[in-house]
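So that you can map any letter, position 117 of the sequence shown is 116 in numbering that gives the first Met the number 0, and since no number is skipped, the others follow by simple counting. Backbone N, C-alpha and C define an ideal beta-carbon position, used for all residues, glycine too. First the structure, in the form of structure tokens, and then the observations on it.
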Amino acid sequence: MKILFSILREMADLPNDPDAVALALNSLGLAVEEMDVVGVPVPGVVTARIVRMEKHADAAKVTRCFVDAGDGEERHVWCGATNMQAGDVVPLATLGTTMPNGMEIARRGILGIDSEGMLCSEVELGLSDESSGILILPADSQLGVSPFDVLGIEHDVIFDLDLTRNRADCWGHLGVARDLAAHFGVPLRGPRIAALSHGSNKALDVTIDAPEQCGSFTISYISSVAVGTSPRWVASRLAHLGMRSINNVVDASNLVMLETNQPNHAYDADVVSSFRVRLATEGETLTTLDGQTRNLHADDLLICNGATNVGVGLAGVMGDLHSEITDKTTTLAIESAWFSPDPIRYSAIRHGLRSEASIRFERGTDPNAWQQAAERFVTILRETCPDVTLHAGATVVQTTSCPVPVSVDVSVTRIESLLGVHIESERIVSILNSIGFVTTIKGDVVTSIVPTWRPDCTQDVDLIEAFLTPLFTGVCPTCKRVVVSCGEFLLG
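Okay, structure coming up:
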């Protein structure tokens with residue numbers, strides 16, 4: 000699981016020290032397998048405008064580009080990409096530049112004509128793992144400056160975490176930030192949500208025919224949408240986290256999932272204005288967003304257009320190709336649901352389709368995260384659609400299979416018996432409350448109401464682990480025992 004340092008620091012006042020945060024993550028049981036520094040400007044790469052382009056009769060696969068980097072000097076560059084045109088502002092790697100992959104830019108000739116640099120893609124700048132050609136910058140970009148400055152790309156660090164299966168909540172930045180905030184003793188802010196004025200009530204019909212498989216299904220209605228390109232910071236964060244930018248609506252949906260651990264799906268509300276959740280019929284087909292037509296099994300859970308009963312998504316896994324957002328979309332129906340983990344896992348395996356959504360649903364999500372997810376979605380979308388409106392009166396349908404907060408008791412005597420160390424009961428209560436539990440103590444018994452984002456906590460030993468983890472401060476280098484913040488030791 001990839002986690003961005005910048006997002007963690009937006010959610011809590013963590014130290015501006017990636018190494019200290021990495022050490023804390025390891026002590027919290029959120030093992031850091033790798034740390035990557037990203038967004039570091041490449042010296043020698045500057046913005047330049049393509050003045051004109053020419054084809055060479057004997058070089059069909061490359062184009063001659065003449066560029067101006069703002070100094071009035073026209074440079075000649077050979078380029079194999081085809082997505083640029085005269086007038087575009089692009090990144091130019093000047094002669095002598097060393098690229099992130101180690102390649103040095105030198106004069107290289109084709110048909111006896113030297114290339115005085117290289118036009119760069121996102122991959123060559125280390126901004127993405129894939130690209131479709133040269134990176135085209137805003138037309139009004141200043142020339143001769145770093146494209147990283149033009150795009151507002153900041154230095155960042157990616158933590159690649161090896162998560163244990165029980166910590167489903169840490170598949171989102173919010174879960175990781177919550178534990179780090181408790182560890183460092185700082186408040187948790189969570190994702191930034193703008194002050195939103197809600198539009199008139201707008202509820203869409205939802206019917207759940209498979210209550211054991213679908214415990215909660217929520218639809219939020221959003222209007223005044225204009226589909227277009229995402230802000231650069233959104234596309235950049237998605238790229239760092241392993242996802243490509245598609246458009247401002249889909250990108251906002253994906254970023255909300257990565258931030259909050261709440262998978263969500265955006266439908267065109269003018270196309271799908273009511274919903275039915277049901278099991279598929281044997282032999283029914285669905286063409287998923289990857290273009291594959293899939294023969295469904297009777298145990299597959301479908302999200303259907305309520306008006307036609309035709310599938311618009313393989314629940315918890317992937318949407319239908321024919322219900323995707325288009326350039327003409329102006330209203331959205333945002334789905335946030337809770338699906339029983341096992342059916343989603345079986346469907347993903349059955350169809351060989353492990354998606355970012357299915358990975359989270361099969362571990363367990365929070366049925367009560369839908370409102371925060373919807374508000375964060377609109378906050379992000381407002382940067383490109385200033386008039387976008389989240390309407391009040393969202394449709395929320397829950398069944399008896401929907402998780403509810405559970406109460407878990409543990410005695411202080413049992414804690415001391417298991418751990419062999421005394422920790423003040425008030426400290427136990429404080430730690431549990433700092434990670435979202437609602438905890439009280441009466442006599443020898445600590446009682447905690449476990450939040451629905453922590454499905455791993457069902458018995459007293461789970462509760463002990465939950466409050467103990469934020470206390471870890473490291474391992475004694477001499478005796479190899481785990482040190483806790485109360486100053487005592489636990490056997491390692």
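Here's the rule: buried if 16 or more other CB atoms are within 10 angstroms of the residue's CB, otherwise exposed. What is H421?
Here residue 421 refers to the residue found at position 422 of the sequence shown. Exposed, since its Cβ has fewer than 16 Cβ neighbours within 10 Å.
Please go through the region 310-384 and give each complete alpha helix (DSSP H) segment of 4 or more residues, from N-terminal end onward.
340-349, 355-360, 369-380
In chain order, what residues of the same chain lie with their CB nearer than 6 Å to the CB of F147, ignoring the 5 residues before and after it?
As a first step, residue 147 is located in the sequence shown; it is residue number 148 there, counting from the start. Excluding residues within five positions, the ones whose Cβ falls inside 6 Å are P40.
When you compare only the Cα positions, how much space is there between V175 and G86?
Position 176 of the sequence shown holds residue 175. Position 87 of the sequence shown holds residue 86. For V175 and G86, the distance between alpha carbons rounds to 44 Å.
I434 in three-state terms, based on DSSP
Within the sequence shown, the letter at position 435 stands for residue 434. Three-state DSSP puts I434 in coil, outside helix and strand.
Beta-carbon separation of L124 and V89 under 8 Å?
Residue mapping note: residue 124 aligns to position 125 of the sequence shown, counting from 1. Residue mapping note: residue 89 aligns to position 90 of the sequence shown, counting from 1. No.
Could you tell me whether the Cβ atoms of S406 and A181 are closer together than 8 Å?
As a working mapping, residue 406 is identified with position 407 in the sequence shown. As a working mapping, residue 181 is identified with position 182 in the sequence shown. No, the Cβ-Cβ distance between S406 and A181 is not below 8 Å.
Would you mind listing the beta strand (DSSP E) stretches within the region 148-192 that are 3+ residues and don't spill past its ends, in chain order?
155-161
Roughly how many whole angstroms lie between the Cα atoms of T394 and G312?
Taking the first residue of the sequence shown as position 1, residue 394 is located at position 395. Taking the first residue of the sequence shown as position 1, residue 312 is located at position 313. If you take the alpha carbons of T394 and G312, they lie about 18 Å apart.
Taking C-beta to C-beta, are F4 and D155 nearer than 8 Å?
By 1-based counting over the sequence shown, the position of residue 4 is 5. By 1-based counting over the sequence shown, the position of residue 155 is 156. In contact: F4 and D155 (Cβ atoms closer than 8 Å).
Sequence-distant residues of its chain with Cβ nearer than 6 Å to F360 (five each side left out):
In the sequence shown, residue 360 corresponds to position 361, counting from 1. So the list reads G315, F338, I343, once near-sequence residues are dropped.
Whose C-beta lies closer than 7 Å to the C-beta of L257 among residues of the same chain, with five residues either side of it excluded?
By 1-based counting over the sequence shown, the position of residue 257 is 258. Correct list, in chain order: G171, H172, L240.
Compare the C-alpha of S222 against each of T451, C384, L467, E211 and name the closest.
Numbered from 1 along the sequence shown, position 223 holds the residue referred to as residue 222. The shortest C-alpha to C-alpha distance from S222 to any of T451, C384, L467, E211 is the one to C384.
By a C-beta neighbour count over all protein chains shown, 10 Å radius and 16 as the cutoff for buried, is N15 buried or exposed?
Working through the sequence shown from its first residue, we reach residue 15 at position 16. Its Cβ having fewer than 16 others within 10 Å, N15 is exposed.
Bridge partner(s) assigned by DSSP for W77:
For the purposes of this step, residue 77 is taken as the residue at position 78 of the sequence shown. According to DSSP, which records beta bridges pairwise, W77 is partnered with R63.
Do S120 and I133 have their CB atoms nearer than 8 Å?
Numbered from 1 along the sequence shown, position 121 holds the residue referred to as residue 120. Numbered from 1 along the sequence shown, position 134 holds the residue referred to as residue 133. Closer than 8 Å, so yes.
Classify N260 as helix, strand or coil using the three-state DSSP reduction.
Counted from its first residue, the sequence shown places residue 260 at position 261. The answer is coil: DSSP assigns N260 none of H, G, I, E or B.
Give a yes or no on whether the C-beta atoms belonging to D365 and Q458 are separated by under 8 Å.
As a working mapping, residue 365 is identified with position 366 in the sequence shown. As a working mapping, residue 458 is identified with position 459 in the sequence shown. Contact flag unset, no.
Which partner residues of D113 appear in the DSSP bridge assignment?
Looking up residue 113 in the sequence shown gives position 114. Bridge partners of D113: G108.
S429 in three-state terms, based on DSSP
Sequence index remark: in the sequence shown, residue 429 carries index 430 (1-based). When secondary structure is reduced to three states using DSSP, S429 falls in the helix class.
Three-state secondary structure (DSSP) of R293
By 1-based counting over the sequence shown, the position of residue 293 is 294. Of the three classes helix, strand and coil, the one that applies to R293 here is strand, per DSSP.
Taking the straight line between their C-alpha atoms, what separation do you get for F183 and H264?
The residue you call residue 183 lines up with position 184 of the sequence shown. The residue you call residue 264 lines up with position 265 of the sequence shown. Cα-Cα distance, rounded: 34 Å.
In terms of residue numbering, what span does the alpha helix (DSSP H) encompassing T412 cover?
In the sequence shown, the residue the question calls residue 412 occupies position 413. First-last of the alpha helix (DSSP H) with T412: 411-418.
Let me know if K441 comes out buried or exposed under the rule of 16 or more other beta-carbons within 10 Å of its beta-carbon.
Counting from 1 along the sequence shown, the entry for residue 441 is found at position 442. K441 comes out exposed.
Short of 8 Å in beta carbon distance, which residues of its chain neighbour Q57, apart from the five on each side in sequence? Order them along the chain.
Numbered from 1 along the sequence shown, position 58 holds the residue referred to as residue 57. The question names Gln, but residue 57 in the sequence shown is Asp. Excluding sequence neighbours, D57 sits near L110.
Within 10 angstroms of its Cβ, does H350 collect 16 or more other Cβ (buried), or is it exposed?
What you label residue 350 is simply residue 351 of the sequence shown in a count that begins at 1. Counting Cβ neighbours within 10 Å, H350 comes out buried, since at least 16 surround it.
Continuous beta strand (DSSP E) stretch holding R51: start and end:
One-based indexing of the sequence shown puts residue 51 at position 52. From DSSP, the beta strand (DSSP E) with R51 extends over 44-55.
Below 8 Å between beta carbons: does that hold for I157 and V37?
Counted from its first residue, the sequence shown places residue 157 at position 158. Counted from its first residue, the sequence shown places residue 37 at position 38. Yes, these two residues count as a Cβ contact at 8 Å.
Close Cβ partners of I192 (< 6 Å) along its chain, the five nearest in sequence each way excluded:
Taking the sequence shown and counting its residues from 1, one reaches residue 192 at position 193. If we look at I192 and ignore the five residues flanking it on each side, its Cβ neighbours are E374, R375, T378.
Go ahead and pull the three-state DSSP assignment for L489.
To locate residue 489, count along the sequence shown from 1; it is residue 490. Per-residue confidence for L489 stands at a pLDDT of 42, beneath the threshold of 50, marking its modelled position as unreliable; the derived number appears in the next sentence. Here DSSP, grouped into helix, strand and coil, assigns L489 to strand.
Using alpha carbons as the reference points, say which of L462, V396, C456 lies closest to A202.
Working through the sequence shown from its first residue, we reach residue 202 at position 203. That would be V396, whose Cα lies nearest to the Cα of A202.
Any idea what DSSP makes of P450, helix, strand or coil?
Counted from its first residue, the sequence shown places residue 450 at position 451. In the structure shown, P450 falls within a coil segment according to DSSP collapsed to helix, strand and coil.
Run through DSSP, which three-state label would E103 get?
Residue mapping note: residue 103 aligns to position 104 of the sequence shown, counting from 1. E103 falls in the strand class under three-state DSSP.
Reference A138, options S130, D128, V149, closest by Cα
Here residue 138 refers to the residue found at position 139 of the sequence shown. That would be V149, whose Cα lies nearest to the Cα of A138.
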